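One structure is given below, encoded as structure tokens.
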Amino acid sequence: MRKFNIRKVLDGLTAVSAVASASSAAQQQQAGNRETEIQETLQSEHFQLCKTVRHGFPYQPSALAFDPVQKILAIGTQTGALRLFGRPGVECYCQHDSGAAVIQLQFLINEGALVSALADDTLHLWNLRQKRPAILHSLKFNRERITFCHLPFQSKWLYVGTERGNIHIVNVESFTLSGYVIMWNKAIELSSKSHPGPVVHISDNPMDEGKLLIGFESGTVVLWDLKSKKADYRYTHDEAIHSVAWHHEGKQFICSHSDGTLTIWNVKSPTKPFQTITPHGKQLKDGKKPEPCKPILKVEYKTTRAGEPFIILSGGLSYDTVGRRPCLTVMHGKSTAVLEMDYSIVDFLTLCETPYPNDFQEPYAVVVLLEKDLVLIDLAQNGYPIFENPYPLTIHESPVTCCEYFADCPVDLIPALYSVGARQKRQGYSKKEWPISGGNWGVITQSYSEIIITGHADGSIKFWDASAITLQVLYKLKTAKVFEKSRNKDDRPNTDIVDEDPYAIQIISWCPESRMLCIAGVSAHVIIYRFSKQEVTTEVIPMLEIRLLYEINDIETPDGEQVPPVPTPGTGSNPQSIVPQSHPSTSSSSSDGLRDNVPCLKVKNSPLKQSPGYQIELVIQLVWVSGEPPQQITSLAINSAYGLVVFGNCNGIAMVDYLQKTVLLNLGTIELYGSNDPYRREPRSPRKARQPSGAGLCDINEGTVVPEDRCKSPTSAKMSRKLSLPTELKPDLDVKDNSFSRSRSSSVTSIDKESREAISALHFCETFTRKADTSPSPCLWVGTTLGTVLVIVLNLPPGGEQRLLQPVIVSPSGTILRLKGAILRMAFLDTTGSLVPPAHETWREHYEDKDEKEKTKKRRPVSVSPSSSQEISENQYAVICSEKQAKVISLPSQNCIYKQNITETSFVLRGDIVSLSNSICLACFCANGHIMTFSLPSLRPLLDVYYLPLTNMRIARTFCFTDNGQALYLVSPTEIQRLTYSQETCENLQEMLGELFTLVETPEAPNRGFFKGLFGGGAQSLDREELFGESASGKASRSLAQHIPGPGGIEGVKGAASGVVGELARARLALDERGQKLGELEEKTAAMLYSADSFSKHAHEMMLKYKDKKWYQF
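Just so we're aligned, residue 462 is where the sequence shown starts under this note's numbering, counting upward by one.
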């Protein structure tokens, strides 16, 4: 685990600088008073950054191994990662420092160790007997390239085949090379004129460890006698070899070839194969050879006591099966089953009852590693059903486009989501237990529940239970099913603003208490969902269409009507701004032939059956305006207590009452300012040309007239995607150099760029809106990409029936303040410094009995934030974080009491106000890879760690912090990396992690039987030490390979804290371990002395006994 040096910050100095940054002496005095009033408990020692766990499917897998005794699976990847899986909930991630691809993995079966071979010609020995596995030894080959490795069961000698065709032998205990080498020119026929190619296979005869089978790529197979150091038999075939497998009796082996054939050879008949099979070749009538097929990349030959052997292979399909999916073929007796896979096969392994190669194998399952999935097939059941995979490997089922993370959720939430999600499970899985069952769970030290929500490119949303460093899918919601789908590309409406993935999720707003969910999609659509445990059929899907257009001067609309005036404070909703609700859009084109008033997607007009879970409350779509496509949504917020949802883009802001299904507010961003607009803007008219489909959310503030000290940067974590989907939503698309850089959109005119200001942050709250306010009231705070914070006052009708009859009155009340950079996050603190949560309703079943409804209406379950019940004299603090700085504002006075410039040279991608250790802080993630935290309200720096050297679009889009020191991001297109910035969690992490290695007895070796023992049959053992040890074979050439000692070994050190304490603990452990080893060495030496002494006495007695006897008297 990577160590981080945390910059500790002196509290006093930064507090002084924070106070000094206030604008006047009076404010300084006020800040001083506040500081004495609010006791800040968080200090820099409460923070430490470390990675916790990695979830999801290993990205770009390349190698597979299984320990049949420990029942642990290992997967290696092309980026040098190592993922280890035991029973569900026990998994581990490790990384080779070089980042080279893993080409092969070999378990030391039941030893708690693993050997990895990498593409940079290094071998590594991993110690799995500790919670965080570490490398004990490494061996770097200098002159030869590693192509294949083989470690016989219960042997310490590893055979390493190379590209040159030689075989070297490595002692896995000391990780040193033996002097014994099998040279390619000794192995092949002397008369052979060509090189046999790289070694593609090595294995010892199951019945005779002294005989080694070597497969060369060209088609030559050699049975090498290790003792006599010569070849016993050579088997030659015209076709290249991909893999070789033994029959357990050691009399036959099978080879797979590049022409789609299998050849079975009798060991003692090297002239020709005993049998040639083309599993997928068409048999021609006139006895000709079958047509060649695709290469069989791997074959396994497994025997059973009761019946025919299994021959399992990947590849080998005929060339005329164009478009056919990759297949695994299982041949058992006369039956052949072809199992189609969703992705190409990387590797497969047959799981068998015994680890001994010389016994009946009794295969029970096949584990198939695919490019993007892991499949386990049950061989014992008819039809070969697959096992239900309990690991969270489906994060990438559709590419992830956004993430949200919630800690400390209501306790009934996970069971509720699980119960509705359980109905979605597929049927037809194997009825047996998941066979990968090794390891033990860690100790659960966290008592709170955590939920991760992922939004995907196909419009689906997944809810995950992420409590206690595990991950399990709870429920999946498909948002696309509300829309009509075009059957083919020609049918597609030309109103699309993206070429593909039109349903992709961009923003998720969720209220865990009320369970209300709101999503914004890439086609400028918003859907509001309500949670219900009952199934309903919706006859007509409630729908609103909104014209959110951007213009300053009065321009004739296509219909000849004037643009609705700005609502003045006190006016209700403006009916002119609402497009009439109808399923066929009001009009498809304006008088001059331009596309107008049409949404990008078509909502279904047939009844929709909705299963228990999330059910549609309302669909809102932005429409085309005079040939201009709607701009993508950049911010979104829902409030269950007010019954409102609000969203904005680079045109303006819209607010909807989802209870009454009406539009309350539809304003251009500039209209929010009224007459107080601080920026000079040129009037413009709507564009007459359609934007190219890639131009989505343009770079809103590129070249905008902004305060001079503003650094040019992307607008926000959600907006800096450039959001020119379809490209940006593809998670595996990284910007050049993999670094996070600005994108530019050429489609936006210079006038457009100057005047466009997007809505970047929205926050519902109950607070003071004007300086003269004596009590807080419901309002919406709005942040823009130019760093402006504005307030909209909400006048809500009373609860119950009145809430559905009387209108909500909204009135913009002007600008509060300005910051450098786009506004990212806003929050409010009370006088004690505690977070004031937005008001919310507690969840209740929507479709309940009338009597129950009456009771709940009288009860009015709106939970109002604590501030409204406080005394009038008490005030609040607003915390506002932008791309560049953070400010704390005292309310209602609106004085800035604290200010912190977060970054000068970079910009903040994500900022969250989070709770930790019964206090709160501001956590920020910057584009330069730094993670920082600041105390609240004084904004003292508490943590600054350079965490990620490279930040790409995917990380920027998915990084999020949550309460209790947790954070996550999408580290690859298929994996979520979780981390903690809490010292307490770092300390408890070691206990929480599962154990991979458990003490398991190795099964008994198979019986040789009486007759086999009598007549010399059965397995022949070999004293490898005698052959490969230094005394017999000498030392290997020093220049051939270099030994590198590994850093691992001592349990717990990897998780120890950085700093002096950690170093001392590490040194003490090292001394203890050294002392222990010295003690053991002393005992062993004493035992050897005693043994030598007794042997000497015994030998002397024997000599005296036979001293005077002749040879014939013995």
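Positions of the beta carbon are idealized from the N, C-alpha and C atoms, including for glycine. Please read all numbers here as calculations on a predicted model, not as lab measurements.
Could you check what DSSP says for residue i in three-state terms: helix, strand or coil?
i, result
"Val1269", "coil"
"Phe1458", "coil"
"Glu678", "coil"
"His507", "helix"
"Arg1401", "coil"
"Gly1129", "strand"
"Ser1329", "Any reading at Ser1329 is ruled out, since the residue's pLDDT is 42, under 50, leaving its predicted position unreliable."
"Cys1061", "coil"
"Arg1415", "helix"
"Pro1656", "Nothing can be reported for residue 1656, as the shown portion of the chain is limited to 462 through 1575."
"Arg1231", "coil"
"Tyr696", "strand"
"Ala1219", "coil"
"Ser880", "helix"
"Ile875", "helix"
"Met1287", "strand"
"Met1393", "strand"
"Tyr1430", "strand"
On a Cα-Cα basis, can you pick out the residue from the options that is closest to residue i?
i, options, result
"Ala1102", "Ser1096, Val1252, Asn1137, Gly1261", "Gly1261"
"Leu638", "Glu670, Ile1007, Phe609, Lys601", "Lys601"
"Cys511", "Ser1443, Asn1336, Val827, Pro734", "Ser1443"
"Phe1229", "Ile1350, Val642, Thr999", "Ile1350"
"Val660", "Ile702, Glu1487, Glu634, Arg1217", "Ile702"
"Pro740", "Thr790, Trp587, Ser559", "Thr790"
"Gln1121", "Phe924, Ala1502, Pro1003", "Pro1003"
"Ala1288", "Gly1275, Gly1244, Pro1258, Leu1255", "Gly1244"
"Lys647", "Arg695, Glu670, Pro667", "Arg695"
"Thr931", "Ile806, Lys893, Ile912, Leu1083", "Ile912"
"Tyr936", "Ser880, Glu1452, Tyr1134", "Ser880"
"His1224", "Gly1294, Ser1096, Thr1130", "Ser1096"
"Glu1344", "Gln1337, Ile1363, Thr765, Ala877", "Ile1363"
"Tyr641", "Ile628, Val633, Thr1293", "Ile628"
"Leu684", "Ala841, Glu1089, Trp726, Leu1409", "Trp726"
"Asp865", "Phe771, Ile806, Pro973, Ala798", "It is worth fixing the name first, because residue 865 is Glu in this sequence and not Asp. Of the candidates Phe771, Ile806, Pro973, Ala798, the one whose C-alpha sits nearest the C-alpha of Glu865 is Pro973."
"Val1398", "Pro1434, Asn1389, Gln1361", "Before going further, note that residue 1398 is Pro rather than Val in the sequence given. Per the Cα distances, Gln1361."
"Thr1123", "Gly1104, Cys1111, Ile1131", "Gly1104"
"Asp1576", "Asn1127, Met668, Ile499", "For residue 1576 there is no data in the structure shown, the boundaries of the chain being 462 and 1575."
Looking only at its chain, what residues have a beta carbon closer than 6 angstroms to the beta carbon of residue i, apart from the 5 residues adjacent to it on each side?
i, result
"Ile905", "Ala929"
Checking the sheet assignment: what are the DSSP bridge partners for residue i?
i, result
"Asn1356", "Ser1351"
"Asn1362", "Gln1346"
"His557", "According to DSSP, which records beta bridges pairwise, His557 is partnered with nothing at all."
"Trp1085", "Trp1085 pairs with nothing; no bridge assigned."
"Ser993", "Gly1074"
"Ser577", "Leu566, His585"
"Thr411", "The shown model of the chain, from 462 to 1575, leaves out residue 411, and the question about it has no answer."
"Met1004", "Val1080"
"Ser1443", "Phe508"
"Ala1384", "Asp1373, Thr1394"
Tell me which same chain residues have a C-beta within less than 7 angstroms of the C-beta of residue i, skipping the five on either side of it?
i, result
"Val997", "Gln1071, Gln1076, Tyr1308"
"Glu1524", "With a pLDDT of 47 at Glu1524, under the threshold of 50, the modelled position of that residue is not reliable, and no figure is offered here."
"Tyr909", "Ala868, Asp869, Asn1425"
"Ala487", "With a pLDDT of only 37 at Ala487, under 50, the local geometry of the prediction cannot be trusted, and no value is derived from it."
"Gln933", "Pro853, Trp925, Asp926"
"Val1323", "Confidence at Val1323 is low in this model, with a pLDDT of 48, below 50, so its placement is unreliable and no value can be given for it."
"Lys939", "Gly920, Ser921"
Relative to the ligand HEM, is the shortest distance from any of its heavy atoms to the C-beta of residue i smaller than 8 angstroms?
i, result
"His1504", "Ligands are entirely absent from the displayed structure, and the ligand HEM is therefore not among its contents."
Measuring only between beta-carbons, confirm whether residue i sits less than 9 angstroms from chain B.
i, result
"Ser505", "Checking the listed chains, one finds no chain B in this structure; it contains a single protein chain."
Under 8 angstroms Cβ to Cβ from residue i, same chain only, skipping five residues before and after it: list those, please.
i, result
"Trp587", "Leu543, Cys555, Ala574, Leu575, Val576, Ser577, Pro594, Ala595, Ile596, Leu597, Gly1509"
(message) My parser needs the beta strand (DSSP E) runs of 3 or more residues fully inside the segment 905–982; what are they?
(response) 911–917, 921–926, 933–939, 966–972, 977–982
(request) Would you list, in sequence order, the uninterrupted beta strand (DSSP E) runs of no fewer than 3 residues that lie entirely inside the segment 585–664? (result) 595–602, 607–611, 618–623, 628–632, 637–643
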